[in-house]
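Asker:
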Amino acid sequence: MTTLVKGPEAVTRPAPAPAARRRGRWVTIALFLLPALVLFLLLVVAPILVAFYASVFRWNGFGGLPTNFIGLDNFTRLFGTEIFGQDLWHLLVLVVLSVCVQLPFSLAIAMLLNQRIRGRALYRVVFFAPYVLSEVITGVLFSLILSPESGLANQVLSVFGLDSEWLADPDTVMPSLFLVMMWKYFGFHMMIYLAGRQSIPNELIEAAQIDGATSWKTFRHITLPLLGPTIRISVFLSVIYTIQLFDLVWILTQGGPSHSSETMAVTMMDWGFKRSQVGYASAISVVMFALSLVFALAYQRFVMRRDLEGATTSMGERR
């Protein structure tokens, strides 16, 4: 009940019904969500639907909506090409290198910078700085550094009587590309691991040290298991990014030499914008979307299930 006092008389009004309060709350939520929902529908959902629609047509991207329906011919053609098999192989190579080399290196640096060493704040900034640079700037920078003729990398190697073709040789282009990726993104994963490590109570580490555990045993049996959710998130982000890798490859090599560094996104760009076969390029984008979706659902179902269940339980307890 609500009481309003006006002069000598008190006017009593009934409080709003629970149903009315709930409706008002939902209206407020809807008004706040509406702008973001409209942008999401226009910039995410609509392009996905257009890609699915265009993938079953032969279309050059001009002259209005596509009308030459060909069914699944674009997908049949894609799966039958050697370039698509190479794209999948390059994807597998980069995923394995990222998970087995880049992420352990990022974890090691994070554990080192968690120690009380002089200048660690400066080291954190320096290691994280490459991630702040855009992919375009990074690509242009390393295209100059790895230039076979006058690049800084070969100038340093020449001191030891060595040189390399780097991005111009099919045998070295993938390792060179991965080195650029590692330089660009290891700082991001380092900060994720560092944040995860700092969330672990120091009392657990101190108790293990008091019990006589070595630094390695403490890391192996306490730190690493407690970093499990953080590591799983890091692996997930790394794989999803690799599936969609485009910017660095396009700036550094455009998929060359002879398709030896091409990814699915680069192939899509080549066929869609250079060769004006938008229907075929849309089929490639659909395959990329399907790979990302299947991986995300399977990873959350079989790898991150305990983490998601724990988060859901915590939210339920708070409510």
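According to the UniProt record's numbering, the sequence shown holds residues 1 to 319 in order.
Glycine is no exception: its CB is placed at the ideal position from the N, C-alpha and C atoms.
If you're wondering where the values come from, they're calculated on a predicted model, not measured in any experiment.
Looking only at its own chain, which residues have a Cβ that is under 6 angstroms from the Cβ of THR138, when we skip the five neighbours before and after it?
Answerer: Position 138 of the sequence shown holds residue 138. LYS184, listed in sequence order.
Asker: Report the partner residues of residue 320 according to the DSSP bridge assignment.
Answerer: Residue numbering for the chain in the displayed model covers 1 to 319; residue 320 lies beyond these limits and cannot be assessed.
Asker: Kindly indicate which residue of LEU37, ASP169, TRP271 has the alpha-carbon position closest to the one of PRO148.
Answerer: Here residue 148 is taken as the residue at index 148 of the sequence shown, counted from 1. Nearest option by C-alpha distance: ASP169.
Asker: Buried or exposed, going by whether 16 or more other CB atoms sit within 10 Å of the CB of VAL249?
Answerer: For the purposes of this step, residue 249 is taken as the residue at position 249 of the sequence shown. Classification of VAL249: buried, given that the 10 Å Cβ count is 16 or more.
Asker: First and last residue of the alpha helix (DSSP H) that includes THR253?
Answerer: Residue numbering aside, residue 253 sits at position 253 when the sequence shown is read from its first letter. Here THR253 belongs to no alpha helix (DSSP H), and DSSP marks it neither H nor E.
Asker: Where ARG98 and LEU237 are concerned, what is the direct C-alpha to C-alpha distance, given to the nearest angstrom?
Answerer: Position 98 of the sequence shown holds residue 98. Position 237 of the sequence shown holds residue 237. Checking the displayed sequence, the identity of residue 98 turns out to be Ser instead of Arg. Taking the straight line joining both Cα atoms gives about 11 angstroms.
Asker: Considering only residues of the same chain and omitting the five flanking positions on each side of TRP271, which have a CB-CB separation below 6 angstroms?
Answerer: Taking the first residue of the sequence shown as position 1, residue 271 is located at position 271. Closer than 6 angstroms at Cβ, skipping near neighbours: GLN277, TYR280, ALA281.
Asker: Go ahead and pull the three-state DSSP assignment for VAL235.
Answerer: Along the sequence shown, one-based indexing puts residue 235 at 235. Three-state result, VAL235: helix.
Asker: State the DSSP-derived secondary structure class of PHE246, mapped to helix, strand or coil.
Answerer: Here residue 246 is taken as the residue at index 246 of the sequence shown, counted from 1. Coil, per DSSP.
Asker: ILE83: which of VAL140, SER215, SER261 sits nearest, CA to CA?
Answerer: The residue you call residue 83 lines up with position 83 of the sequence shown. Considering only alpha carbons, the answer is SER261.
Asker: Is the distance from the Cβ of PHE186 to the Cβ of SER258 below 8 angstroms?
Answerer: As a working mapping, residue 186 is identified with position 186 in the sequence shown. As a working mapping, residue 258 is identified with position 258 in the sequence shown. For PHE186 and SER258, no; Cβs fall outside 8 angstroms.
Asker: In chain order, what residues of the same chain have a beta carbon less than 6 angstroms from the beta carbon of ALA283, not counting five sequence neighbours either side?
Answerer: Taking the first residue of the sequence shown as position 1, residue 283 is located at position 283. Answer for ALA283: SER55, ASN74, PHE75, LEU78, listed in chain order.
Asker: Quick check: what's the CA-CA separation for VAL45 versus VAL38?
Answerer: Here residue 45 refers to the residue found at position 45 of the sequence shown. Here residue 38 refers to the residue found at position 38 of the sequence shown. VAL45 and VAL38: Cα-Cα distance of roughly 10 angstroms.
Asker: Only counting the same chain, and skipping five residues up and downstream in sequence, which positions put a Cβ closer than 7 angstroms to that of THR230?
Answerer: Here residue 230 refers to the residue found at position 230 of the sequence shown. ILE192, TYR193, GLY196.
Asker: Does any CB atom of chain D fall closer than 8 angstroms to the CB of ILE205?
Answerer: The displayed structure is made up of one protein chain only, and chain D is not part of it.
Asker: When DSSP builds the beta bridges, which residues end up paired with PHE69?
Answerer: Translated into the one-based positions of the sequence shown, residue 69 becomes position 69. Bridge partners of PHE69: PHE57.
Asker: Alpha carbon to alpha carbon, how far is LEU113 from TYR123?
Answerer: Residue 113 sits at position 113 when you count from the first residue of the sequence shown. Residue 123 sits at position 123 when you count from the first residue of the sequence shown. Rounded to whole angstroms, LEU113 to TYR123 spans 8 angstroms at the Cα level.
Asker: Can you give me the Cβ contacts of ALA145 inside the same chain, cut-off strictly under 7 angstroms, excluding the 5 residues immediately before and after it?
Answerer: Numbered from 1 along the sequence shown, position 145 holds the residue referred to as residue 145. For clarity, residue 145 is Ile in the given sequence; the question names Ala instead. Answer for ILE145: GLY151, LEU152, ALA153, listed in chain order.
Asker: Using C-beta distances below 7 angstroms, list every residue in its chain close to VAL303, excluding the 5 sequence neighbours before and after it, in chain order.
Answerer: Position 303 of the sequence shown, counted from the start, is the residue given in the question as residue 303. Excluding sequence neighbours, VAL303 sits near ARG232.
Asker: Would you mind stating whether VAL95 and THR242 have Cβ atoms separated by less than 8 angstroms?
Answerer: Taking the first residue of the sequence shown as 1, we reach residue 95 at position 95. Taking the first residue of the sequence shown as 1, we reach residue 242 at position 242. Against a cut-off of 8 angstroms, the Cβ pair of THR242 and VAL95 comes out as a contact.
Asker: Quick check on HIS221: buried or exposed, where buried means 16 or more other Cβ atoms within 10 Å of its Cβ?
Answerer: Position 221 of the sequence shown, counted from the start, is the residue given in the question as residue 221. Looking at its Cβ environment, which holds fewer than 16 other Cβ atoms inside 10 Å, HIS221 is exposed.
Asker: I'd like to know whether the C-beta atoms of LEU103 and VAL239 end up nearer to each other than 8 angstroms.
Answerer: Position 103 of the sequence shown, counted from the first residue, corresponds to residue 103. Position 239 of the sequence shown, counted from the first residue, corresponds to residue 239. Contact flag unset, no.
Asker: Flag this pair as yes or no: are the beta carbons of ILE109 and MET190 separated by less than 8 angstroms?
Answerer: As a working note, residue 109 is residue 109 in the sequence shown. As a working note, residue 190 is residue 190 in the sequence shown. The answer is yes: Cβ separation under 8 angstroms.
Asker: Use the C-beta contact count for LEU34: other C-beta atoms within 10 angstroms, 16 or more gives buried, fewer gives exposed.
Answerer: Indexing the sequence shown from 1 puts residue 34 at position 34. Flag for LEU34 reads exposed.
Asker: Looking at the unbroken alpha helix (DSSP H) that takes in SER215, where does it start and where does it end?
Answerer: As a position in the sequence shown, residue 215 is number 215, starting the count at 1. Unbroken alpha helix (DSSP H) run through SER215: 215-218.
Asker: Check each candidate in ILE70, GLY119, LEU291 and name the one with the smallest Cα separation from LEU92.
Answerer: Position 92 of the sequence shown holds residue 92. For LEU92, the nearest C-alpha among the options comes from LEU291.
Asker: Just confirm the distance between the C-beta atoms of SER308 and GLN300, as a whole number of angstroms; I'd bet it's less than 8 angstroms.
Answerer: In the sequence shown, counting from the first residue as 1, residue 308 sits at position 308. In the sequence shown, counting from the first residue as 1, residue 300 sits at position 300. Reading off the sequence shown, one finds Leu at residue 308, where the question assumed Ser. Contact flag correct, Cβ pair sits at about 6 angstroms.
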